[in-house]
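Report on one structure; see the data block that follows.
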Amino acid sequence: MSDATTGEEMMTIIAFSGDLDKLWPTTILASTAAANGMDVTVFATFWGLFPLVKDGEKIGHDAMTKMLAGMNPPGFTKAKLSKMNMAGMGRSMMRKVAAKNNLMPPEELFEMCLDMGVKVWPCQMTMDLLGIRADQMLPGLGDPAGAATALARMAKSEINLFI
Amino acid sequence: MSDATTGEEMMTIIAFSGDLDKLWPTTILASTAAANGMDVTVFATFWGLFPLVKDGEKIGHDAMTKMLAGMNPPGFTKAKLSKMNMAGMGRSMMRKVAAKNNLMPPEELFEMCLDMGVKVWPCQMTMDLLGIRADQMLPGLGDPAGAATALARMAKSEINLFI
Amino acid sequence: MSDATTGEEMMTIIAFSGDLDKLWPTTILASTAAANGMDVTVFATFWGLFPLVKDGEKIGHDAMTKMLAGMNPPGFTKAKLSKMNMAGMGRSMMRKVAAKNNLMPPEELFEMCLDMGVKVWPCQMTMDLLGIRADQMLPGLGDPAGAATALARMAKSEINLFI
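Chains as they are written, first to last, in my numbering: chain A, 1 to 163; chain B, 1 to 163; chain C, 1 to 163.
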């Protein structure tokens with residue numbers, strides 16, 4: 001359907017996963033689409049919100065959510081592989097393979113996304129659920145949004161992906 | 001493209017995962033879309049069929065499929081987290097975090113989906129494969145359907161997601 | 001939007017996963033869509049590239065990528081379940097359940113996809129990253145492609161899925 005005002009094609013990604021290996025397709029697809037003139041939104045929800053938390057922030061509003069954050073440390077650089085993580089060895093190896101082959105790490109690709117105008121909407125419900133405040137998240141994100149807002153955008157987007 | 005008769009926008013979700021954490025986006029997106037006037041179908045297939053089996057039903061048509069069901073117990077309340085399940089502790093904790101923060105459990109969100117007119121189609125092929133009879137599944141589901149039927153609906157839907 | 005030349009509806013699948021259980025939806029949806037006259041492309045990337053490597057090929061261009069391939073052996077028949085793999089028992093059992101219930105294994109469904117005109121594009125970036133040469137991959141694939149090419153096709157497709 002495209003954006004009525006600009007005529008640009010639209011892509012919306014629901015970034016549900018916070019796994020290192022899935023941060024690559026999200027950031028590569030988003031930045032590539034933006035570079036090719038598409039209007040791109042990433043709706044970050046559930047585990048996908050963890051990478052967007054600033055390094056070192058303590059999240060969680062009670063014992064349980066703090067424990068959850070302890071087991072699943074926030075921040076791009078803490079993201080684990082969805083499999084073969086092997087106490088961090090898989091993650092570390094995958095990052096080295098990427099660096100050696102000129103594939104940018106997801107945190108740099110993410111910066112590039114923001115620079116290129118990709119909108120990143122943190123999921124308000126997940127923030128409430130996990131005890132993440134807006135000021136604990138990376139700069140440059142859009143306002144927290146709910147599922148209804150994301151769905152309205154997806155209904156207008158040529159490409160919708162759940163990653 | 002929308003529904004030709006009603007003009008409503010359409011969303012189709014392929015619910016492939018039966019993991020607890022993925023049951024939330026499926027039921028939240030489906031119920032929110034329905035609440036906003038969209039015509040929503042969930043095509044439940046593979047692991048995504050397990051939550052739709054009634055509590056306590058014994059599924060499986062031979063030793064192997066029975067063993068498979070034993071390792072992956074059917075029913076919404078048995079669904080495990082995709083990671084950090086830790087012998088059920090992660091699941092239990094996540095359910096407590098949800099309850100404490102007024103996020104309905106997936107089984108209640110699912111009831112809400114049905115109440116709001118979301119169509120849920122169990123995958124016929126998966127039922128045959130795993131030995132799940134129609135009478136063993138939750139009430140309110142649509143007729144079992146195949147991939148061709150799901151694809152025909154997806155070709156008309158504004159939003160298609162594989163979860 | 002459909003193909004401007006043929007008027008056929010289009011589907012594009014990003015095959016990110018190489019897990020056995022996810023190879024089934026990819027190949028079933030792709031072959032069923034093609035059988036129903038759709039123009040189908042599968043963009044195979046990241047773990048999704050491993051099944052497309054010929055049996056017995058040694059991939060990897062250095063020690064790290066060779067180790068990665070060692071832990072994640074390429075080829076359709078080596079694909080593991082995303083969960084319950086249990087040192088191969090889950091995989092073996094799932095393959096037996098499939099065979100007993102007349103569900104073709106993914107490698108045969110994949111052949112059928114190619115026979116029916118499904119286009120399979122290996123991701124050039126992943127090939128470079130993991131050290132996979134074009135001659136090490138199954139016959140019948142399309143030319144390696146990048147994210148921009150995949151996105152351009154997705155912007156025209158009625159159905160886009162990330163699996």
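Where is the CB? At the ideal position from N, CA and C, for every residue including glycine.
Would you tell me roughly how many angstroms separate the C-alpha atoms of residue i and residue j, rounded to the nearest one?
i	j	result
PRO106 (chain A)	THR27 (chain A)	7 Å
GLY146 (chain B)	MET125 (chain B)	7 Å
ASP143 (chain C)	LYS156 (chain B)	30 Å
ALA171 (chain B)	VAL120 (chain A)	The structure shown does not extend to residue 171 (chain B), since chain B spans only 1 to 163, so no value can be given for it.
MET137 (chain B)	LEU29 (chain B)	22 Å
VAL118 (chain B)	ALA148 (chain B)	19 Å
THR6 (chain A)	LEU23 (chain C)	38 Å
ASN72 (chain B)	MET112 (chain B)	25 Å
GLY70 (chain B)	MET38 (chain A)	47 Å
MET154 (chain A)	MET11 (chain A)	8 Å
VAL42 (chain A)	LEU114 (chain C)	33 Å
TRP193 (chain C)	CYS123 (chain C)	No information on residue 193 (chain C) is available, as it lies outside the stretch 1 to 163 that chain C covers here.
SER31 (chain A)	GLU108 (chain A)	11 Å
ALA152 (chain C)	MET127 (chain C)	20 Å
PHE110 (chain C)	GLU57 (chain A)	46 Å
SER16 (chain C)	PRO139 (chain C)	Checking the sequence shown, residue 16 (chain C) turns out to be Phe, not Ser. Near 20 Å, if we compare the C-alpha coordinates of PRO139 (chain C) and PHE16 (chain C).
GLU8 (chain C)	GLU9 (chain A)	20 Å
GLY60 (chain B)	GLY60 (chain A)	42 Å
In the DSSP assignment, the alpha helix (DSSP H) including residue i goes from what residue to what residue?
i	result
TRP121 (chain A)	Here TRP121 (chain A) belongs to no alpha helix (DSSP H); instead the beta strand (DSSP E) covers 119-122.
ALA30 (chain C)	20-35
ASP39 (chain B)	First-last for ASP39 (chain B): 39-44, but that is the beta strand (DSSP E), not the alpha helix (DSSP H).
LEU151 (chain C)	147-154
THR6 (chain A)	Note, THR6 (chain A): premise wrong, no alpha helix (DSSP H); not H, not E.
ALA79 (chain A)	That residue, ALA79 (chain A), is in no alpha helix (DSSP H); it is neither H nor E in DSSP.
LEU68 (chain C)	63-71
Does the beta-carbon distance from residue i to residue j come in below 8 Å?
i	j	result
ILE132 (chain B)	LEU49 (chain B)	yes
ILE13 (chain C)	ALA150 (chain C)	no
VAL40 (chain A)	GLY75 (chain A)	no
MET116 (chain B)	ALA44 (chain B)	no
Thinking just about the alpha-carbon of each residue, which of the options is nearest to the one in residue i?
i	options	result
PHE162 (chain B)	B:THR6, B:GLY7, B:PRO25 and B:PRO139	B:PRO25
LEU129 (chain B)	C:LEU114, C:THR149, C:LYS156 and C:MET93	C:MET93
LYS83 (chain A)	A:MET127, A:GLY18 and A:THR65	A:GLY18
ASP55 (chain A)	A:ALA98, A:SER31, A:LYS100 and A:ASP135	A:ASP135
LEU68 (chain B)	C:MET11, C:PRO139 and C:ARG95	C:ARG95
MET171 (chain C)	A:THR77, A:LYS58, A:MET154 and A:ALA99	Since the first residue of chain C shown is 1 and the last is 163, residue 171 (chain C) is not available in this structure.
THR165 (chain B)	B:ASP62, B:MET127 and B:PRO51	Examination of residue 165 (chain B) is not possible in this model, given that chain B is present from 1 through 163 alone.
ASP62 (chain A)	B:GLU108, B:MET11, B:MET154 and B:ASN101	B:ASN101
VAL97 (chain A)	C:VAL97, C:LYS66 and C:GLU57	C:LYS66
At which residues does the beta strand (DSSP E) containing residue i begin and terminate?
i	result
ALA15 (chain C)	10-15
ILE132 (chain B)	ILE132 (chain B) -> no beta strand (DSSP E), and no H or E assigned at all.
LEU109 (chain B)	Segment 106-115 is the alpha helix (DSSP H) holding LEU109 (chain B); no beta strand (DSSP E) there.
LEU161 (chain C)	159-162
So, under 8 Å CB-CB, residue i and residue j are touching, yes? Tell me the CB distance rounded to an integer number of Å.
i	j	result
ARG91 (chain C)	LEU103 (chain C)	Contact flag wrong, Cβ pair sits at about 14 Å.
ALA79 (chain C)	LEU20 (chain C)	4 Å
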